[in-house]
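Below you'll find the structure, written out as structure tokens, and then a few comments.
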Amino acid sequence: MSDASMDLVSRILGGDRRAVARLMSMAENDVPGVKKILAELHTHTGRAHIIGVTGPPGSGKSTLVDKLTLEYRRMGKTVGIIAVDPTSPFTGGALLGDRIRMNEVALDRGVFIRSMGARGHLGGLAKKTGDLVKIMDAFGKDMILVETVGAGQSEVEIVGTAYSTIIVEVPGLGDDIQAIKAGILEIGDIFVVNKSDLDGADETARELDAMLDMNPNDSGWRPPIIQTSALSGDGVSRVVEALTEHMNHLNETGNLHKLVRARARDELRNIIIDHIRSLVDARHDSEEFETLVDSIVAGELDPYRAAEIYLKTLEG
Ligand SMILES: Nc1nc2c(ncn2[C@@H]2O[C@H](COP(=O)(O)OP(=O)(O)OP(=O)(O)O)[C@@H](O)[C@H]2O)c(=O)[nH]1
Ligand SMILES: [Mg+2]
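Under this note's numbering, the final residue of the sequence shown carries the number 327; numbering is consecutive throughout.
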């Protein structure tokens, strides 16, 4: 590894915020050499409690994340916040939630905030989020909060790196509540009915409860449903308690080990796929490749057989 890379690693481990921001940009842009730095940091990870926060636009995720952060800071824990917005073209520490983050959380040295939009990350947002989580973890943040908007497949993947996932809903879902069923119920460890200062919170909580009854999971954990008003902070300490209980549950049942293993498995698989892809990309206009293309066009080879032949040359 180059001196500059070594320097970046030691600066991050030493608590240098600018070095962290720099490496995060490098990871987002996938610059050459970043893999070696992430590899070096890997041995310094594994301590943080990673928490996913997802839910519909405007449900109060950022407000809740800020209030959770204040609670954890009071408990003496450091916090990393990663806000992912797959619908935003912007990236590099700007935008999402920032309008409300001009407060004590943003000024606190024990908190590190990073936002990431979709630009240049098509399909790879979940992986990039995983990289940012890794960097926050190596940086020594005790709690890492990953906020992402929505309830679709990409959000499920983005919060897939979390140990505990909070789903934030709001009162008055009515029939819409059915819409959150697919995919989201399974990933929710804690359900929050935020904006409970508005009408209809009890009813939404009851509907969620009924849905959870109809879809029991086999992890032994019944997700609690907590009413909050993130704006005033009401109920937020109960979310903190539930997160602690969920982490204890994961530890006691051995489910944490299973989660960690599943993550390691995904990561290894993705690194291998990336590697093979880059091998193919680097040589896709090589002489062997073009000769095979000619053979296919000339009707001498079918593309499946040609692919087999080509893969053999990659192995060598
Ligand atoms: N009445 C009420 N309003 C709230 C509450 N929590 C948040 N809000 C307001 O709801 C709006 C959206 O809050 P955010 O925290 O930005 O919501 P979000 O889910 O992060 O929004 P996106 O990231 O844009 O999807 C803001 O105007 C908040 O002030 C609450 O408990 N009660
Ligand atoms: Mg937000």
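Ideal Cβ positions, reconstructed from N, Cα and C, are used throughout, including at glycine.
DSSP, read as helix, strand or coil, puts Thr239 in coil.
Residue pairing by DSSP puts Ser175 in a beta bridge opposite Ile62.
Residue pairing by DSSP places Ser13 opposite no residue, since no beta bridge is assigned to it. The Cβ neighbour count for Lys78, taken over all protein chains shown within 10 Å, is at least 16; the residue is labelled buried. Every alpha helix (DSSP H) stretch that sits fully inside the segment 198-264 and reaches 4 residues is listed by chain position as 212-225, 247-264.
For Leu24 and Val157, the gap between their C-alpha atoms comes out near 21 Å. Ile169 sits buried, since 16 or more C-beta atoms from the chains shown fall within 10 Å of its C-beta. At a cut-off of 7 Å, the beta-carbon of Ala129 does not count as near ligand 2: no heavy atom of the ligand is closer than that.
For Ser126, DSSP records a beta bridge to Ala94.
The three-state reading of DSSP puts Leu156 in strand, counting E and B together. His53 is classed as exposed because its beta carbon has fewer than 16 other beta carbons within 10 Å across all chains shown.
Not a single heavy atom of ligand 1 lies less than 7 Å from the C-beta of Leu136.
Annotation: the continuous alpha helix (DSSP H) that includes Ser36 extends over 28-39.
A residue is called buried once 16 or more other Cβ atoms fall within 10 Å of its Cβ, and His257 is buried on that count. The Cβ atoms of Val160 and Thr98 lie closer than 8 Å to each other. Here Glu180 carries a strand assignment [DSSP, helix/strand/coil]. Per DSSP, the unbroken alpha helix (DSSP H) holding Ala149 starts and ends at 136-150. With a threshold of 16 other beta carbon atoms within 10 Å, Glu39 meets it and is buried.
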